[in-house]
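*Asks:* Residue numbers (the numbering used here): 1 to 268. Below is a structure I'd like to ask you about.
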């Protein structure tokens with residue numbers, strides 16, 4: 001109906017999908033207050049929510065956007081990497097008390113995921129990963145659909161239009177798994193503004209959640225080239241500087257916001 005608010009689906013109201021969507025919309029002059037209705041929809045049901053006219057658009061992880069395309073229900077407009085090119089996504093989260101009580105187990109879990117990411121960094125392994133994920137016990141979808149996200153070779157419309165996004169997902173290169181304190185503080189800064197709570201306290205709490213100490217301890221002796229520092233200006237253009245790893249080798253910071261802003265928590 002005329003005047004109805006635009007309805008956009010996200011997996012959860014407190015998620016990177018919701019936060020990046022909010023950042024993008026507010027940067028172009030839109031917000032939930034000004035006519036955007038953000039709705040929570042389970043990712044596997046996102047395509048059906050479009051079919052049922054419950055949402056007009058959505059921001060969701062793959063392969064659920066591809067599923068909507070395959071069913072002729074939508075088109076892929078842009079990846080979230082177009083909003084923030086090196087935004088954090090999935091996390092390994094445990095209770096603070098458990099991490100303190102079982103530090104060796106926590107470190108072993110970090111190493112397992114790091115090794116899996118290193119394995120996925122090889123293009124040939126991503127094809128095998130798609131086959132594994134396609135099994136009924138996991139995603140139960142055709143491997144070809146899953147492969148698109150893993151390779152960055154996307155089909156963006158029911159008409160078969162294709163788009164290649166080389167940085168669509170990154171598992172290992174450029175310290176992709178490192179829990180940057182500056183990323184935690186960006187998230188906390190955004191959440192504090194949305195929730196109307198103290199920014200300084202929120203940013204400090206966020207920093208405490210991203211446990212760089214556990215990550216560094218877990219990967220000691222593995223040969224992983226970890227960043228020498230645990231914070232950096234997020235959104236800094238790669239041409240403005242290079243962050244070095246502990247070995248002295250450069251770690252280029254391919255983290256750029258679409259509106260060219262720079263978030264430097266240490267400058268606040």
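Using N, Cα and C, we set each Cβ at its ideal position, and we do this for glycine too. Since the structure is predicted, the reported quantities are computational estimates derived from the model, not experimental observations.
Can you tell me which of the three DSSP states residue 266 falls into?
*Replies:* Correct three-state label for residue 266: helix.
*Asks:* What three-state label does DSSP hand residue 213 in the structure shown?
*Replies:* helix
*Asks:* Which residues in the same chain as residue 230 place their Cβ atom closer than 6 Å to its Cβ, once the five residues preceding and following it in sequence are excluded?
*Replies:* Once the five neighbours on either side are set aside, the close Cβ partners of residue 230 are 181, 212.
*Asks:* Tell me whether residue 101 sits in a helix, a strand or coil according to DSSP, three-state version.
*Replies:* Judged by DSSP in its simplified three-state form, residue 101 adopts helix.
*Asks:* How is residue 156 classed by DSSP in three states: helix, strand or coil?
*Replies:* Residue 156 carries a coil assignment under DSSP once its states are collapsed to helix, strand and coil.
*Asks:* For residue 223, which option in 137, 69, 175, 190 has the closest C-alpha, if you only look at C-alpha atoms?
*Replies:* Looking at the Cα atoms, 175 is the closest of the given residues.
*Asks:* With residue 69 as the anchor, note down where its alpha helix (DSSP H) starts and where it stops.
*Replies:* 64–70
*Asks:* Given a cut-off of 7 Å, decide if residue 143 and residue 129 are closer than it, judged by their beta-carbon atoms.
*Replies:* no
*Asks:* Residues in the same chain with beta-carbon distance under 7 Å from residue 73, minus the five sequence neighbours each way, listed in chain order, please.
*Replies:* 47, 50, 51
*Asks:* Please report how far the alpha carbon of residue 90 lies from the alpha carbon of residue 123, in whole angstroms.
*Replies:* 20 Å
*Asks:* List the whole-angstrom C-beta distance separating residue 15 from residue 38, where the pair is believed to meet the contact cut-off of C-beta under 8 Å.
*Replies:* Contact flag wrong, Cβ pair sits at about 11 Å.
*Asks:* Measuring only the C-alpha atoms, how far is residue 152 from residue 165?
*Replies:* 5 Å
*Asks:* Are residue 221 and residue 263 touching if we call contact CB-CB under 7 Å?
*Replies:* In this structure, residue 263 does not lie closer than 7 Å to residue 221 by Cβ.
*Asks:* Quick one: using the 10 Å Cβ neighbour count with 16 as the cut-off for buried, is residue 207 buried or exposed?
*Replies:* buried
*Asks:* Do residue 84 and residue 210 come within 7 Å of each other at the CB atom, strictly closer than that value?
*Replies:* no
*Asks:* Which of the three DSSP states is assigned to residue 146 in this structure?
*Replies:* helix
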